[in-house]
Structure formats: structure tokens, C-alpha cells
Amino acid sequence: MKIAVIGAGPGGLTLARVLQRHGIPVTVYERDDDPGARDQGGTLDMQQDTGQVALEAAGLLDDFLALSRPEGQGGRIADRSGRILADQPARPGDLASPEIDRGELRGLLLGSLEPGTVRWGSVLERAEPGRLHLRGGDTVEADLIVGADGAWSRVRPLVSPARPEYSGVTFVELRITDVDEAHPEIAALVGDGMLFALGDRKGLLCQRNGHGVVRVYAAFAAELGATHERADLYRIFEGWGAPLLRLLDECEPAVVDRPMFALPVPHTWEHVPGVTLLGDAAHLMSPFSGLGANTAMLDGADLALAIAEEPDLSAAVRRYERLMFPRAARNAEGAAEGLAGILEDDALEGSLAHVGRRSS
Ligand SMILES: Cc1cc2nc3c(=O)[nH]c(=O)nc-3n(C[C@H](O)[C@H](O)[C@H](O)COP(=O)(O)OP(=O)(O)OC[C@H]3O[C@@H](n4cnc5c(N)ncnc54)[C@H](O)[C@@H]3O)c2cc1C
Numbered sequence: 024m025k026i027a028v029i030g031a032g033p034g035g036l037t038l039a040r041v042l043q044r045h046g047i048p049v050t051v052y053e054r055d056d057d058p059g060a061r062d063q064g065g066t067l068d069m070q071q072d073t074g075q076v077a078l079e080a081a082g083l084l085d086d087f088l089a090l091s092r093p094e095g096q097g098g099r100i101a102d103r104s105g106r107i108l109a110d111q112p113a114r115p116g117d118l119a120s121p122e123i124d125r126g127e128l129r130g131l132l133l134g135s136l137e138p139g140t141v142r143w144g145s146v147l148e149r150a151e152p153g154r155l156h157l158r159g160g161d162t163v164e165a166d167l168i169v170g171a172d173g174a175w176s177r178v179r180p181l182v183s184p185a186r187p188e189y190s191g192v193t194f195v196e197l198r199i200t201d202v203d204e205a206h207p208e209i210a211a212l213v214g215d216g217m218l219f220a221l222g223d224r225k226g227l228l229c230q231r232n233g234h235g236v237v238r239v240y241a242a243f244a245a246e247l248g249a250t251h252e253r254a255d256l257y258r259i260f261e262g263w264g265a266p267l268l269r270l271l272d273e274c275e276p277a278v279v280d281r282p283m284f285a286l287p288v289p290h291t292w293e294h295v296p297g298v299t300l301l302g303d304a305a306h307l308m309s310p311f312s313g314l315g316a317n318t319a320m321l322d323g324a325d326l327a328l329a330i331a332e333e334p335d336l337s338a339a340v341r342r343y344e345r346l347m348f349p350r351a352a353r354n355a356e357g358a359a360e361g362l363a364g365i366l367e368d369d370a371l372e373g374s375l376a377h378v379g380r381r382s383s
């Protein structure tokens, strides 16, 4: 049985790890040249009923808990002046959704795999049932091809014509380093977890990462293809309070546009022998569910367990897809509502009501 996974993101790596724990061989083809080839991005919370279930199946839950930041579970909401209207620090001993930097999560998963499992610098150009075509002309035969290759999956066309659609909302990502020493006001404003500042149908969504880093996503409606410099953000957030504009003053000069795309909901397909998808390749959703990586990992664990337990690959993939489709649809619906909510006039009131419901 030859299983080829495309993509060494959280989903593909969890699949590989759980397969190997059951003695099933697997190879992961990843386009990055090496594990440090690019910044892996911000922090993720691993939730008890999704990401942590997958980490348990991978035998990595204790290692994760040792690396994670439970104090990062706290959250604050502010208005456009920067006035904090709700502040919910993490509860002592709460392990419902501790945070971990993506790079550390990837390192944890990679470190658990047998040497040589990931073929770095392998870019999938095209897939057909049973065969991968890699950049440079190599081909690879496989009994099962798993597209864990994210939003713009090149495996997806084998099962579905669906393409991600632009939501109308762009995040511009800012990064502030050494916050505790060099930017203490920002450290105090954001706290140990998240700060959402909302107003004018826009948001400054801040998250504390590990190692003294704060990432900020400036979220607003924008034309697809529009690009933004830091200077543009002063115009977009004109009139916002000084404590929030300080985020723009003190971030690194390079900012990154991240237009938010999502796949149609629900996204399903008729079973195709020898091929399936997981994670963003199957159900790309806005980050507002906080579940993209969590469900990608759960997909990986569920698929691996089905392969270990079912009599043949086709039965295993069918079992996995039956489980994954409704779960993905539920999460993606919530994520779409969350993203749309930020563009509503009462986004601030809605968030405060949500926090009130959670704490009562
Ligand atoms: C701003 C932002 C914040 C987020 N916050 C959260 C959060 O708090 N919690 C959460 O759970 N989720 C969050 N998400 C979502 C989460 O990042 C994704 O859902 C998750 O990374 C999906 O994992 P994946 O393994 O399916 O795909 P990816 O992480 O996208 O990994 C895909 C891998 O495939 C590789 N690849 C792609 N194409 C090819 C190719 N042709 N050949 C070979 N390799 C290829 C890529 O290099 C990559 O390593 C957030 C997303 C964004 C944009």
C-alpha cells in the first residue's frame, strides 16, 4: 500500500504521524525546500475536542501541553478608541484551547516522524488517479493520493471543480517583535492572549505569539487584488485611538496582504477511488472559526485511523469522508458568519454579547 500525502501542513503531518504509529508507510511531498524555508505565521489554539484529539491520536498531547501557552487563551475586546470593554483572562488550570506558535507545532509533528518521511522541495504540478507529476519531471505512483496541500490544492481538481472564492475581506498582517522590552505599552494593551478592536466595519485583531511577538491582522473590506502598505493603514483606520494607532507606528515596516478566501459550503464530492482531500484543501474557511488547523489535524487523524482499521483503502476513505463532510460544513458555516460579522455596524456589540454568553 503506497500512500502519498501532498503538503506538510498540520493536516498532512498529523496523517503521516498517526499512520506511522500504526505501522503504515507513508511519504509526504512538500514544496518548501526545508522546514525553515518560510515564516509559518502566527499562533493557533489547539482545542480540546478537535486539535487535541488529533494530538492524542498522534501520541503527542503531553509534548504539546509542555510547549503550549495556556495563558494565551485570554481575550479582550476594545472599541475604536482603544478602550477595553471586556477582559477575560485565561482561567488558571484551563487547558481547553492553549496556544502554540505554528512553527513549534510543525516542529513537534516533524520531529515525531521517521527520518526521510517528508520529501522537501517536491512541488506537485499535477495529479491524476494513481500518479503524481512533480516539478522537474519526476512522477510518483501511489495507491492513495491525499491532497493536504492547502487552499490552492492541485489534488482537488481530481474530485471537485470547486475553487475558493474571495470573501470581500482582506487581512493585512503586521508584526511587532520584542514587545515586552521594546514596546511595553503594546504588551500591556494586548495582554497574554487576543485583543479584538472593532468599529467602523473594520477590526484590528491582535494576538500574542511566543517569544515576545505580537501579530496584528488589520481587517477591512477591500477589492480583490488591492495591495496595502503600512502607510495606507493610517488612512483606513483614521480617527482610531492613539493606543491602537501605536500598533501601526511600532510594527515592522513590511506588511503582508492576506485576502480571505473560502470554499463553497458545503463542499462535498462523489467518492473517487484512490484520492481524497483533507484540511484547507477540502474545506478552506475563514479564520473566524479558529478551527482550520484544528479540523485539518482531526481530518488527518481520522483518515489514518480509518486506514488502520478498515479492510481496504476504499472503505477507509469512504468512512473518513462520511465523517469529515458534515463536520467541515458546520465549522465553515460558523466561520463565514464570523467573518461577515466583522463588516456589520454592530460588530462590537455582537462580540461583547458573545463574550457575555461564554462567561455566563
Ligand atoms: C490569518 C489566519 C489565522 C488563522 N488562525 C487559525 C487559528 O487560530 N486556529 C486554527 O485552527 N486555524 C487557523 N487558521 C487556519 C489554518 O491556518 C489552516 O486552516 C491550516 O493551516 C490548514 O492546514 P492544512 O494542513 O490543511 O494546510 P496548510 O497549513 O495550508 O499546509 C499545506 C502545505 O502544503 C504545501 N503545498 C501547497 N501546495 C503544494 C504543492 N503544489 N506541492 C507540494 N506541497 C504543496 C504548503 O507548502 C504547505 O506546507 C488561520 C488562518 C489564517 C490565514
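In this text, residue positions in the sequence shown follow our numbering: the first is 24, and each later residue adds one. All residues carry an ideal CB built from backbone N, CA and C; glycine is no exception.
Spatial neighbours of residue i in its chain, beta-carbon cut-off 7 Å, leaving aside the 5 residues before and after
| i | result |
| --- | --- |
| W143 | E53, D55, D56, D57 |
| A304 | G170, A171, D172, G173, S176, V178, R179 |
| A39 | V28, V49, V51, L136, T140 |
| A245 | T193 |
| G313 | D68 |
| L362 | S190, V192, M283, S309, F311 |
| R61 | D55 |
Candidates the options: closest to residue i by CA position
| i | options | result |
| --- | --- | --- |
| A119 | G97, E332, D325 | G97 |
| R94 | T291, L286, V213, L375 | Just to set this straight, residue 94 is Glu in the shown sequence, not Arg. Of the listed residues, the one whose Cα sits closest to E94 is V213. |
| P310 | R281, L346, L321 | R281 |
| S145 | E79, A244, G160, L131 | G160 |
| E356 | W292, R186, L286 | L286 |
| G222 | L270, F260, E333, G32 | F260 |
| E360 | T318, R269, V288 | V288 |
| L256 | F243, P266, M347, L247 | F243 |
| D72 | E252, R350, V378 | R350 |
| D368 | G226, H251, L321 | G226 |
| P59 | R106, I47, E188, E127 | Going by the sequence as given, residue 59 is Gly instead of Pro. G59 has its Cα closest to that of E127, out of R106, I47, E188, E127. |
| E188 | H290, H377, M320, G32 | H290 |
| A210 | W292, M347, L267 | L267 |
| G74 | T250, D325, V182, P207 | D325 |
| W292 | I47, A185, P33, R61 | A185 |
| P207 | T250, R269, G379 | R269 |
| D86 | P115, D62, R61, P121 | P121 |
| Q70 | Q111, R380, S91 | S91 |
Whether residue i touches residue j by CB criterion (9 Å)
| i | j | result |
| --- | --- | --- |
| G264 | R103 | yes |
| L147 | H156 | yes |
| F194 | M283 | yes |
| R125 | G64 | yes |
| A352 | H306 | yes |
| A220 | I123 | no |
| V21 | V279 | In the structure as shown, the chain begins at 24 and stops at 383. Residue 21 is therefore absent and cannot be evaluated. |
| G35 | G323 | yes |
| N232 | R238 | yes |
| A89 | V41 | no |
| L83 | L132 | yes |
| A358 | D215 | no |
| L218 | C229 | yes |
| G262 | G30 | no |
| L375 | A109 | yes |
Burial state of residue i (16 or more Cβ within 10 Å)
| i | result |
| --- | --- |
| R258 | exposed |
| T37 | buried |
| K25 | exposed |
| T66 | buried |
| T318 | buried |
| R106 | exposed |
| R129 | buried |
| T299 | buried |
| P33 | buried |
| A249 | exposed |
| A205 | exposed |
Contacting residues, own chain, Cβ-Cβ under 6 Å from residue i (five flanking each side not counted)
| i | result |
| --- | --- |
| A331 | H45 |
| A165 | K25, A27 |
| A370 | L221, G364 |
| A327 | L38, V41, L42 |
| A77 | T37, M320, L321, A324 |
8 Å CB neighbourhood of residue i in its chain, flanking five on each side removed
| i | result |
| --- | --- |
| H294 | S337, V340, R341, E344 |
| T162 | R154, L155, H156 |
| D117 | P93, Q96 |
| R253 | L197, L271, C274, P276, V278 |
- Query: Touch check for the segment 197 to 216 and the segment 270 to 277: three-plus C-beta pairs under 8 Å?
  - Reply: yes
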